[in-house]
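**Q** Sharing a structure, written as structure tokens. Questions coming.
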């Protein structure tokens, strides 16, 4: 790629002799991407299926256009780690493919300075029938290396991948993790100016992931750039200097990782809270929590006979609903240290005199943060008949920022479950402070002597981007950006 500027699939890739040392590594200006989808009539594959619709022309419609990206603008500086987040279908992978030159933009301009290495799709660029050794040479050539360069780096590539014992095996025999290890090893050893990484890194094991992160940090320290797409928000926040949030193909926010990710988490938590409330409403309308309908009894019998990993028990007492109350109202987003309650609705099919109510809070990865039950608290059960409501109140719920799952249970004192509901709902905790672990006790720093520190920024408020921004509006920054 040395020499004059090259255009690949609508992307200007600038050669070494033409690079501007002050220019951004990546420029994306006014980029939109549309895909064509045929109307229903065009999806009739046979004459028979067309005739069954009534005629050969019935239902024919013009092709439909699906907009994957709309008016996306951003730049990635040299030595910058730039993250892209968003839900499934938001356009993240499409954006990476545009920057990699794998597809053309429908409108707008994508410019990339220098050599690009892309690790976007699992196994992309590998031939399944030939060995890992042969694939290293083919993949390295595709990424712009000459054969003698690949030969010089081959041992380092194999050592980094950890596949010394499998390098001469056909890659069709590789696991998904082995694919990722070899693909990343080749990509990072091409010494690219711009590295594009999609979610595939999540497939590798923990040790390999740490090795990749160390190499990425070395890559950034040499003034190279990375465009990183991931659903792992903690990893994006730790690694990236700035973050772009895509939603339905449009830029929702761009700015410092903490502020953008907090806004994204808050929106996701509110959406999950709304879905949880709708589910409670559906159960209530279907007879849950009140008179037990025939349908609810059938569901109970089915659940009892074939329990899954998120709900089990005899259902002698049933957890009808559970919710988080913040400041006295149902909410699933809160500030660390705020008062909060977990409210549980229970319905006993038959009178019980042996029962315990319990709750547990854990991280999405299963780390237990806190749990309690009425037995541990010293309460002695006497009678449970029909419907009841239980509330566990915390005057100050001091959890570290992040997402948390709530388990709710009612069981006998010997532990026999009546109804155990695992990960019944999730909530999000915000805080300006950052730390390690899951507990965030109130604390203050003080300093004396010959020491000088700048005060922390005040905690942002109202950081969630508004829903009614006009389409195609300029990128909304959610705050000052960290230095790249």
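Numbering (the working numbering), first residue to last: 42 to 525. We put the beta carbon where it would ideally sit given N, CA and C, even for glycine. Quantities reported herein were computed from a predicted structural model and do not represent experimental measurements.
#1: I need the straight-line Cα distance from residue 313 to residue 149, nearest angstrom please.
#2: Runs of 3 residues minimum, wholly inside the stretch 198-247: which ones carry the beta strand (DSSP E) assignment?
#3: Hey, how far is the Cα of residue 76 from the Cα of residue 212?
#4: When you compare each of 360, 282 and 218 to residue 119 by their alpha carbons, which one comes out closest?
#5: At least one CB of chain B closer than 8 Å to the CB of residue 236: is that the case?
#6: Roughly how many angstroms separate the alpha carbons of residue 444 and residue 209, rounded to a whole number?
#7: Would residue 110 pass as a contact of residue 136 if the rule is Cβ separation under 8 Å?
#8: Between the stretch 259-266 and the stretch 287-295, can you find at least three pairs of beta-carbon atoms closer than 8 Å?
#9: Classify residue 422 as helix, strand or coil using the three-state DSSP reduction.
#10: How many Å lie between residue 215 and residue 492 at the Cα?
#11: Distance, Cα to Cα, residue 439 vs residue 474?
#12: How many angstroms separate the CA atom of residue 354 from the CA atom of residue 272?
#13: In the structure shown, what three-state DSSP assignment does residue 135 receive?
#14: What residue does the beta strand (DSSP E) around residue 364 start on, and which one ends it?
#15: Given that a residue counts as buried once 16 or more other Cβ atoms are within 10 Å of its Cβ, and exposed if not, what is residue 173?
#16: Under the DSSP definition of a beta bridge, which residues are partnered with residue 126?
#17: Sort 234, 294 and 239 by Cα distance to residue 263 and report the nearest one.
#18: Which runs of the beta strand (DSSP E), 3 residues or longer, sit entirely within the stretch 414-464?
#19: Once DSSP output is grouped into helix, strand and coil, what is the label at residue 305?
#20: Please state the DSSP three-state secondary structure of residue 406.
#21: Which class does residue 115 belong to by DSSP, given the choice of helix, strand or coil?
#22: Helix, strand or coil for residue 37, going by three-state DSSP, please let me know.
#23: Assuming contact is defined by CB atoms lying nearer than 8 Å, are residue 383 and residue 447 in contact in what I supplied?
#24: Tell me where the beta strand (DSSP E) around residue 292 begins and ends.
#25: Just tell me which of 442, 176 and 190 has its CA closest to the CA of residue 404.
#26: Grouping DSSP H, G and I as helix and E and B as strand, with all else coil, what is residue 386?
#27: In whole angstroms, give me the CA-to-CA distance for residue 486 and residue 476.
#28: Looking at C-alpha atoms only, which residue of 222, 218 and 180 is the closest neighbour of residue 199?
#29: Work out the CA separation of residue 266 and residue 236 for me, nearest whole Å.
#30: What whole-angstrom Cβ distance do residue 385 and residue 431 have, given they're in contact under 8 Å?
#31: Thinking just about the alpha-carbon of each residue, which of 154, 132 and 376 is nearest to the one in residue 307?
#32: I believe residue 269 touches residue 124 by the beta-carbon criterion, under 8 Å. Please report the beta-carbon distance rounded to the nearest angstrom.
#33: Can residue 459 and residue 356 be called in contact, C-beta distance under 8 Å?
#34: Report, in whole angstroms, the separation of the C-beta atoms of residue 134 and residue 303, which I expect to be a contact under 8 Å.
#35: For residue 398 and residue 421, I'd like the C-alpha separation in whole angstroms.
#36: Assign residue 477 to one of three DSSP states: helix, strand, or coil.
**A** Straight from the coordinates:
#1: One-based indexing of the chain shown puts residue 313 at position 272. One-based indexing of the chain shown puts residue 149 at position 108. Approximately 35 Å, taken between the alpha carbons.
#2: Fully enclosed beta strand (DSSP E) runs of 3 or longer: 235-238.
#3: The residue you call residue 76 lines up with position 35 of the chain shown. The residue you call residue 212 lines up with position 171 of the chain shown. Looking at the two C-alpha atoms, the distance is approximately 32 Å.
#4: Along the chain shown, one-based indexing puts residue 119 at 78. Ranking the options by Cα distance to residue 119, first place goes to 282.
#5: Chain labels in this structure do not include chain B; a single protein chain is all it has.
#6: Working through the chain shown from its first residue, we reach residue 444 at position 403. Working through the chain shown from its first residue, we reach residue 209 at position 168. The alpha-carbon atoms of residue 444 and residue 209 are separated by roughly 43 Å.
#7: For the purposes of this step, residue 110 is taken as the residue at position 69 of the chain shown. For the purposes of this step, residue 136 is taken as the residue at position 95 of the chain shown. Residue 110 is a Cβ neighbour of residue 136, given a cutoff of 8 Å.
#8: Contact annotation: the stretch 287-295 does not touch the stretch 259-266, with fewer than three C-beta pairs closer than 8 Å.
#9: Here residue 422 refers to the residue found at position 381 of the chain shown. It is coil, neither helix nor strand.
#10: Taking the chain shown and counting its residues from 1, the one referred to as residue 215 is at position 174. Taking the chain shown and counting its residues from 1, the one referred to as residue 492 is at position 451. The C-alpha of residue 215 lies about 55 Å from the C-alpha of residue 492.
#11: On the chain shown, position 398 is the one that residue 439 refers to. On the chain shown, position 433 is the one that residue 474 refers to. In a straight line, the C-alpha of residue 439 is about 12 Å away from that of residue 474.
#12: Within the chain shown, residue 354 is the residue found at index 313, counting from 1. Within the chain shown, residue 272 is the residue found at index 231, counting from 1. So the alpha carbons of these two residues sit roughly 33 Å apart.
#13: Within the chain shown, residue 135 is the residue found at index 94, counting from 1. Note: residue 135 maps to helix in three-state DSSP.
#14: As a first step, residue 364 must be located in the chain shown, where it is residue number 323. It spans 358-367 - the beta strand (DSSP E) in which residue 364 sits, taken as one unbroken run.
#15: Working through the chain shown from its first residue, we reach residue 173 at position 132. Burial call: buried.
#16: Here the question's residue 126 lines up with position 85 in the chain shown. BP columns for residue 126 point to 286.
#17: For the purposes of this step, residue 263 is taken as residue 222 along the chain shown, with counting starting at 1. The candidate whose alpha carbon is nearest that of residue 263 is 234.
#18: Runs of the beta strand (DSSP E) inside the stretch 414-464: 425-435 and 443-452.
#19: The residue labelled residue 305 in the question sits at position 264 within the chain shown. Note: residue 305 maps to helix in three-state DSSP.
#20: Along the chain shown, read from residue 1 onward, the residue named residue 406 stands at position 365. Shown here, residue 406 sits in coil according to DSSP, grouped into three states, outside any helix or strand.
#21: Residue 115 sits at position 74 when you count from the first residue of the chain shown. Look at residue 115 here: in three-state DSSP terms it is strand.
#22: Summary: the structure shown does not reach residue 37, with the chain confined to residues 42 through 525, and so no result is reported for it.
#23: Taking the chain shown and counting its residues from 1, the one referred to as residue 383 is at position 342. Taking the chain shown and counting its residues from 1, the one referred to as residue 447 is at position 406. Going by C-beta atoms, residue 383 is nearer than 8 Å to residue 447.
#24: As a working mapping, residue 292 is identified with position 251 in the chain shown. Residues 291-296.
#25: The count along the chain shown starts at 1 and reaches residue 404 at position 363. The residue with the shortest Cα to Cα distance from residue 404 is 442.
#26: In the chain shown, the residue the question calls residue 386 occupies position 345. Of the three classes helix, strand and coil, the one that applies to residue 386 here is strand, per DSSP.
#27: Locating residue 486 in the chain shown gives position 445, where the first residue counts as 1. Locating residue 476 in the chain shown gives position 435, where the first residue counts as 1. Taking the straight line joining both Cα atoms gives about 13 Å.
#28: Position 158 of the chain shown, counted from the first residue, corresponds to residue 199. Of 222, 218 and 180, the residue nearest in Cα terms is 222.
#29: As a position in the chain shown, residue 236 is number 195, starting the count at 1. As a position in the chain shown, residue 266 is number 225, starting the count at 1. When rounded, the distance between both Cα atoms is 6 Å.
#30: Counting from 1 along the chain shown, the entry for residue 385 is found at position 344. Counting from 1 along the chain shown, the entry for residue 431 is found at position 390. The beta carbons of residue 385 and residue 431 sit about 4 Å from each other, so the pair counts as a contact at 8 Å.
#31: In the chain shown, the residue the question calls residue 307 occupies position 266. The shortest C-alpha separation from residue 307 is found at 376.
#32: Working through the chain shown from its first residue, we reach residue 269 at position 228. Working through the chain shown from its first residue, we reach residue 124 at position 83. In this structure, residue 269 and residue 124 form a Cβ contact; the two beta carbons are roughly 5 Å apart against a cut-off of 8 Å.
#33: The count along the chain shown starts at 1 and reaches residue 459 at position 418. The count along the chain shown starts at 1 and reaches residue 356 at position 315. Going by C-beta atoms, residue 459 is nearer than 8 Å to residue 356.
#34: Taking the chain shown and counting its residues from 1, one reaches residue 134 at position 93. Taking the chain shown and counting its residues from 1, one reaches residue 303 at position 262. That belief does not hold up - the Cβ atoms of residue 134 and residue 303 are roughly 24 Å apart, past 8 Å.
#35: By one-based count along the chain shown, residue 398 stands at place 357. By one-based count along the chain shown, residue 421 stands at place 380. Looking at the two C-alpha atoms, the distance is approximately 11 Å.
#36: To locate residue 477, count along the chain shown from 1; it is residue 436. Residue state, collapsed to three classes: coil.
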